[in-house]
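Novice: Sharing a structure here in structure tokens format.
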Amino acid sequence: MKPSTRTACFMVFLATLLFVERTLATEFQFHTPQLSEPVSTPSVHPDDGRDDRPWENCTNLLETIAEATSMFELCALMNAKPFTMCMNCAEMYGSGIGIFYQLTTNTTDPASRLCRHQFFSSTKVSIVDKTFTHIQDLWTSASCDGCFQNPVVGQGNHTVRNETLMFNKKLDAMNKCINQSESQSQNMTDLCVTCEQPYRDLNNFYDSLVQKSKDGNICFDMVDAMNATRFLWSSHLCSVHHYQNTPSIVVAGIVGILVILFYAGAATIINPLNTELVQPKRLLRRRSRYGSASPGNSSPRAMRS
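If you're matching positions, the sequence shown starts at 10 in the numbering used here and goes up one per residue.
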């Protein structure tokens, strides 16, 4: 083959190759979307497969439950001593237990029914149920509802009972009196005398609450505060009865002295009488033994017989 013919064939082959390459590139660009272009996906209908959005709602609810219950438990630990959990943690407890009541009582919301089944019925050990039971046991074991007019079952303003307010008022007066007395005087007797009336008011009011309570369950905030106040009072060697019953002690002392004087005087009077009564008995024995002879005229012979 001539060189010119070979050159012409080669040029035709290159042209054909370029044409085919451009054609394939055009088809590939037409059928393959670019990365910057949105890719459409078929919509998912309830009948086509499973929808995971309700389970996502349950996951969000789990996070809310975890946050609410953990906040209450933290508050309870921080108010364990002195015990003030009932008054200081009511809002956190209401938030946590409110979710539980809404979850268990709402039967109209499909999402609530789905989450309730997932939390309480799907496994043998329900962590959610045990978590709510735990915080509820903390609250009820301390009789915290006794601090409020109505039981705490959700969020909102929780009205404190008048008895609780009155007890806290008397407790503040007692603590203020003790602090002032300790700062002004080192004599414990002065403290006992000065703070006797505030202590008696607080103690008597607390005893009246115990008597009025049907089951004896008093809000543990007040129980712990009263126990601590009584321990503080006794640690200062104070005794209400010592100062309160001084006239009774004086009367009892006088009665005791009178009893001692009575028995001492009776003993002094009775002893001579006993001596006079014994002498005639001795004389009668001697007369019955020796006849009518007198003790002064008795001879040794008679005595020997």
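Glycine residues also receive a C-beta, built at the ideal position from the N, C-alpha and C atoms. Please read these numbers as outputs of a predicted model, since none were measured by experiment.
Secondary structure at V264, three-state DSSP: helix, strand or coil?
Specialist: It is helical.
Novice: Can you say whether P55 is buried or exposed, counting buried as having 16 or more other CB atoms within 10 angstroms of its CB?
Specialist: Summary for P55: the model assigns pLDDT 38, below 50, so the residue's position carries little reliability; its value from the coordinates is reported in the next sentence. Answer is exposed; the Cβ neighbour count stays below 16.
Novice: Throw me the rounded Cβ distance for the T173 and C156 pair, which I believe falls under 8 Å.
Specialist: Contact holds; Cβ gap of about 5 Å.
Novice: Cutting at 8 Å between CB atoms, please list the residues of its own chain near H167, excluding the five before and the five after it.
Specialist: Here the set comprises A99, E100, G103, F157, N159, V161.
Novice: For V169, does the three-state DSSP call read helix, strand or coil?
Specialist: If DSSP states are grouped into helix, strand and coil, V169 belongs with the strands.
Novice: At the level of alpha carbons, what is the spacing between C247 and I187?
Specialist: Approximately 12 Å between the Cα atoms of the pair.
Novice: When you compare the CB positions of D230 and F92, do they come within less than 9 Å of one another, or not?
Specialist: Cβ distance < 9 Å, so D230 and F92 count as in contact.
Novice: Could you compute how far the alpha carbon of A77 sits from the alpha carbon of T238?
Specialist: Straight-line Cα distance between these residues: approximately 33 Å.
Novice: Residues in the same chain with beta-carbon distance under 7 Å from F81, minus the five sequence neighbours each way, listed in chain order, please.
Specialist: Excluding residues within five positions, the ones whose Cβ falls inside 7 Å are C98, M101, Y102, G105, I144.
Novice: Going by DSSP in three states, F81 sits in which element: helix, strand or coil?
Specialist: Helix at F81.
Novice: Check each candidate in L267, F176, S121, W148 and name the one with the smallest Cα separation from C95.
Specialist: Of the candidates L267, F176, S121, W148, the one whose C-alpha sits nearest the C-alpha of C95 is W148.
Novice: M235 to I278, Cα distance in whole Å?
Specialist: Near 57 Å, if we compare the C-alpha coordinates of I278 and M235.
Novice: Measuring straight from C-alpha to C-alpha, what distance separates N212 and S135?
Specialist: Rounded to whole angstroms, N212 to S135 spans 45 Å at the Cα level.
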